[in-house]
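Asks: Just so we're aligned, residue 18 is where the sequence shown starts under the UniProt record's numbering, counting upward by one.
Virtual Cβ for every residue (Gly too), placed ideally from N, Cα, C.
On a predicted model such as this, the values are computed, not experimentally measured, just so you know.
Take this structure, written in structure tokens, and hold onto it; I'll ask about it next.
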Amino acid sequence: IHKKIKSICCIGAGYVGGPTMSVIAQKNPDIKVTVVDLNEQRIADWNDADLSKLPIFEPGLDAVVEEARGRNLFFSTDVNQAIAEADMIFISVNTPTKTYGAGKGMAADLKYVELCARQIAEVATSDKIVVEKSTLPVKTAQAIKSILDNTGNGVKFQILSNPEFLAEGTAMTDLANPDRVLIGGDQTPEGKAAIQSLVDVYGAWVPQAQIITTNLWSSELSKLVANAFLAQRVSSINAISELCEATQANVEEVARAIGMDSRIGPKFLKASVGFGGSCFQKDILNLVYISKSLGLNEVADYWEQVIIMNNHQRDRFANNIVSTLYNTVSGKKIAFLGWAFKKDTNDTRESAAIYVADRLIDEQAQIYVYDPKVSAKQMQADLNYLSTRTETENAKYLQTQTDPYKAVEGAHAIAVLTEWDEFKSYDWQKIYDNMSKPAFVFDGRNVLNQEALEAIGFQVQSIGK
Ligand code: NAD
Ligand code: UGA
């Protein structure tokens with residue numbers, strides 16, 4: 018007989034932990050949900066009375082937090098107390114690509130996950146269900162289990178894998194209406210009971226048919242595979258965009274033509290300056306690393322090509338700006354519209370904008386960026402993280418503007434790096450009037466009306482057209 022969950026703790030109050038737990042708390046008013054993090058500022062922001070200060074921007078998140086916070090949803094830095102109280106603990110910490118040692122630049126860095134497991138082992142005095150929410154290499158549950166099962170204090174643990182499939186910018190609707198919820202666990206009676214406890218939590222709002230259960234390893238692996246397939250679609254259409262540019266085919270027409278085949282499907286076929294985000298690259302590299310470690314070299318090479326293509330697409334976009342501007346951008350002002358890795362998020366991790374800016378700054382361009390949700394501090398931090406040049410130099414070449422019309426004033430070219438809706442409704446005549454001529458637009462997202470801009474006098478280049 019399975020246990021009814023009364024108290025949940027989630028370690029990690031980031032892009033996944035925060036929104037996911039907010040929805041679990043909203044839909045299960047009888048479960049106490051405490052989200053904990055080591056980062057004091059982040060927790061303070063989650064607790065801010067002013068909901069516009071929440072550390073993550075996600076449409077609809079503020080309303081859910083307002084409904085549940087203080088009722089059965091709590092944000093705290095007291096990790097130990099939350100662990101002690103909980104009968105179910107989610108691990109939702111970051112699992113970045115390793116930057117040192119074996120597997121540097123490829124493998125997932127599991128130190129934060131292991132620290133969580135050790136802290137749970139140390140603090141727990143009653144039986145717990147531990148849920149992997151972070152994206153992890155297949156077989157990680159084995160390591161977590163081994164840490165938890167060797168405390169010698171008699172506390173029993175069940176490990177579940179429950180990967181998250183939300184996309185940023187649409188997190189709240191994805192969580193409220195998931196295509197599926199995946200739960201993996203041991204196929205023993207105890208494992209199955211633990212799975213059922215978590216099924217009940219989601220069952221508060223997700224139809225049973227959409228909650229699927231598997232063994233642990235299928236669940237862990239499925240998360241990496243889902244991201245690999247999604248990223249592969251973007252790289253596939255981006256590869257075709259280059260072919261379109263060389264042949265006068267139009268990538269949007271090609272995408273539409275193939276997408277109407279129900280076996281292919283219309284989604285995720287938008288050519289772009291390249292995918293970004295914290296996960297696609299990291300998770301594919303992880304998959305490549307695992308395959309290589311198992312001696313599956315062809316499998317590794319196959320998936321690595323998705324990353325190679327994406328890097329190429331970003332470089333190609335930057336190089337095209339340089340060659341179109343008469344092979345020199347030195348001292349020229351180039352305005353970026355957008356810095357986030359996609360619209361409706363303030364997340365900039367691995368955004369194509371960072372790499373395009375870096376390449377153009379190599380050519381001594383002056384970049385002026387406008388993004389409706391990203392701060393100047395964040396942009397500098399993103400560029401500095403690449404360690405291409407000193408922070409002082411980066412600050413000299415990259416400026417942030419909070420007014421889009423100021424960002425484009427006097428610019429030789431505009432590059433659209435994020436598909437924010439507001440870009441479409443700008444006064445493009447006014448923008449044209451205030452730019453250097455010829456006025457170039459490089460639409461890295463194919464969001465602007467090319468014909469209308471050309472009628473004004475702009476020289477426009479899009480992706481795959
Ligand atoms: P994040 O960096 O936004 O949040 C992680 C948080 O964990 C940070 O605030 C950090 O301070 C905290 N943390 C780290 N170690 C801790 C510890 N020992 N104790 C307490 N707090 C600790 O990361 P994220 O984007 O939420 O991603 C988390 C995981 O979810 C990753 O494995 C990621 O691959 C996966 N994922 C992310 C997304 C997404 O859209 N961002 C979607 C699906 C899955
Ligand atoms: C992605 C997956 O969609 C989620 O299911 C998954 O949970 C998540 O990764 C994760 O594991 O972190 P996310 O990165 O938030 O979500 O956003 P996506 O909508 O997938 O976009 C990723 C990148 O691909 C963006 O830069 C986007 O602009 C780009 N993209 C997407 C395209 O260039 N073309 C497309 O057709 C679709």
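Sort T417, G355, A398 by Cα distance to residue 8 and report the nearest one.
Replies: Lying before the first or after the last residue shown, residue 8 is absent from the chain, which here runs from 18 to 482.
Asks: Can the beta-carbon of A243 be found less than 8 Å from the beta-carbon of I254?
Replies: No; because the gap between Cβ atoms is not below 8 Å, this pair is not in contact.
Asks: Give me the Cβ distance between T157 and D300, rounded to the nearest whole Å; I'm assuming they're in contact under 8 Å.
Replies: Actually they do not touch by this definition, with Cβ atoms about 13 Å apart.
Asks: Quick check: does the Cβ of F107 come within less than 7 Å of any heavy atom belonging to the ligand UGA?
Replies: The answer is no for F107.
Asks: Counting only runs that start and end within the stretch 158 to 227, where is the alpha helix (DSSP H) found for 4 or more residues in a row?
Replies: Complete alpha helix (DSSP H) runs here, min 4: 188 to 193, 206 to 220.
Asks: Report all residues from its chain with a CB closer than 8 Å to the CB of L434; omit the five preceding and five following residues, and keep chain order.
Replies: Closer than 8 Å at the Cβ level, and outside the excluded window around L434, lie V290, F353, L354, G355, W356, S368, A369, A370, V373, G461, R462.
Asks: What whole-angstrom Cβ distance do I212 and G220 have, given they're in contact under 8 Å?
Replies: Contact doesn't hold; Cβ gap of about 12 Å is too wide.
Asks: With a threshold of 16 other CB atoms inside 10 Å of the CB of Q381, please say whether the residue is buried or exposed.
Replies: Classification of Q381: exposed, given that the 10 Å Cβ count is below 16.
Asks: Just list the alpha helix (DSSP H) runs in the stretch 415 to 457, keeping only unbroken ones of 4 residues or longer that don't cross its boundaries, in chain order.
Replies: With a minimum length of 4 residues, the continuous alpha helix (DSSP H) runs that stay inside the stretch 415 to 457 are 421 to 425, 445 to 450.
Asks: Tell whether a beta-carbon distance below 8 Å holds between I146 and L165.
Replies: Their beta carbons are not under 8 Å apart, which means I146 does not touch L165 by this criterion.
Asks: Using the Cα positions of G282 and A61, report the straight-line distance between them to the nearest angstrom.
Replies: For G282 and A61, the distance between alpha carbons rounds to 43 Å.
Asks: Rounded C-beta distance between G87 and D54? I'm assuming under 8 Å.
Replies: Rounded, the Cβ-Cβ distance is 18 Å, inconsistent with contact.
Asks: Would you kindly report the start and end of the unbroken beta strand (DSSP E) that includes C27?
Replies: Note, C27: beta strand (DSSP E), 24 to 28.
Asks: Is N111 near the ligand UGA, judged by its Cβ being under 7 Å from some heavy atom?
Replies: Incorrect: N111 has no Cβ contact closer than 7 Å to the ligand UGA.
Asks: With Y385 as the anchor, note down where its alpha helix (DSSP H) starts and where it stops.
Replies: Careful: Y385 lies outside any alpha helix (DSSP H), inside the beta strand (DSSP E) at 383 to 387.
Asks: Would you report the Cα separation of K20 and D361, rounded to the nearest angstrom?
Replies: When rounded, the distance between both Cα atoms is 38 Å.
Asks: Determine the closest residue to A398 out of Y422, V425, A428, D364, with distance taken between C-alpha atoms.
Replies: Comparing Cα positions, the closest option is D364.
Asks: Does the count of Cβ pairs from the stretch 121 to 139 and the stretch 88 to 95 closer than 8 Å reach three?
Replies: No: the two stretches stay apart, fewer than three of their Cβ pairs being nearer than 8 Å.
Asks: Would the C-beta of G31 count as close to the ligand NAD, meaning under 7 Å from any of its heavy atoms?
Replies: It does: the Cβ of G31 is within 7 Å (strictly closer) of some heavy atom of the ligand NAD.
Asks: For the alpha helix (DSSP H) that contains I307, what are its first and last residues?
Replies: Its alpha helix (DSSP H) spans residues 297 to 310.
Asks: Rounded to whole angstroms, what's the CA-CA distance from A430 to N336? Just pull it up for me.
Replies: Each residue's alpha carbon lies about 13 Å from the other.
Asks: Is it buried or exposed for M326, if we count other Cβ within 10 angstroms and need 16 for buried?
Replies: That one is buried.
Asks: Determine the direct distance from the alpha carbon of Q58 to that of L199, and round the result to whole angstroms.
Replies: Looking at the two C-alpha atoms, the distance is approximately 32 Å.
Asks: Are A120 and S258 touching if we call contact CB-CB under 8 Å?
Replies: A small fix is needed here, since residue 120 is Gly in this sequence, not Ala. Contact: no.
Asks: I'd like the list of long-range same chain contacts for residue 7, defined as Cβ closer than 6 Å, with 5 residues on each side in sequence excluded.
Replies: Coverage of the chain is limited to positions 18 through 482, which leaves residue 7 absent and any answer about it impossible.
Asks: Apart from the five residues on each side of it in sequence, which residues of its chain come closer than 6 Å, Cβ to Cβ, to T231?
Replies: Answer for T231: G201, listed in chain order.
Asks: Curious, which full-length alpha helix (DSSP H) runs of at least 4 residues does the stretch 249 to 300 contain?
Replies: Taking only runs of at least 4 residues, the alpha helix (DSSP H) segments lying wholly in the stretch 249 to 300 are 268 to 276.
Asks: Evaluate Q330 with the Cβ neighbour count: other Cβ atoms within 10 Å of its Cβ, from every protein chain shown; 16 or more gives buried, anything less gives exposed.
Replies: That one is buried.
Asks: Which complete alpha helix (DSSP H) runs does the stretch 70 to 139 hold, if anything under 4 residues is left out?
Replies: Fully enclosed alpha helix (DSSP H) runs of 4 or longer: 78 to 85, 96 to 102.
Asks: Leaving out five residues before and five after K413 in sequence, what residues of the same chain have Cβ atoms less than 7 Å from its Cβ?
Replies: Once the five neighbours on either side are set aside, K413 has no close Cβ partner at all.
Asks: Closer than 7 Å to a non-hydrogen atom of the ligand NAD - does that hold for the CB of Y306?
Replies: Checking every heavy atom of the ligand NAD against the Cβ of Y306, none is found closer than 7 Å.
Asks: Please go through the same chain and pick out, in chain order, the residues whose beta-carbon is closer than 6 Å to the beta-carbon of residue 2, but skip the five residues on each side of it.
Replies: Outside the modelled stretch of the chain, which goes from 18 to 482, sits residue 2, for which no answer is possible.
Asks: Assuming E321 and V305 make a contact with CB atoms under 8 Å, what is their CB distance in whole Å?
Replies: The pair is a contact, with the Cβ atoms about 5 Å apart (cut-off 8 Å).
Asks: Starting from S39, trace the alpha helix (DSSP H) both ways and give me its first and last residue.
Replies: From DSSP, the alpha helix (DSSP H) with S39 extends over 34 to 44.
Asks: Rounding to the nearest angstrom, what Cα-Cα distance links S143 and Q175 in this structure?
Replies: Roughly 12 Å between the two C-alpha positions.
Asks: Roughly how many angstroms lie between the CA atoms of G293 and K359, to the nearest whole one?
Replies: Rounded to whole angstroms, G293 to K359 spans 8 Å at the Cα level.
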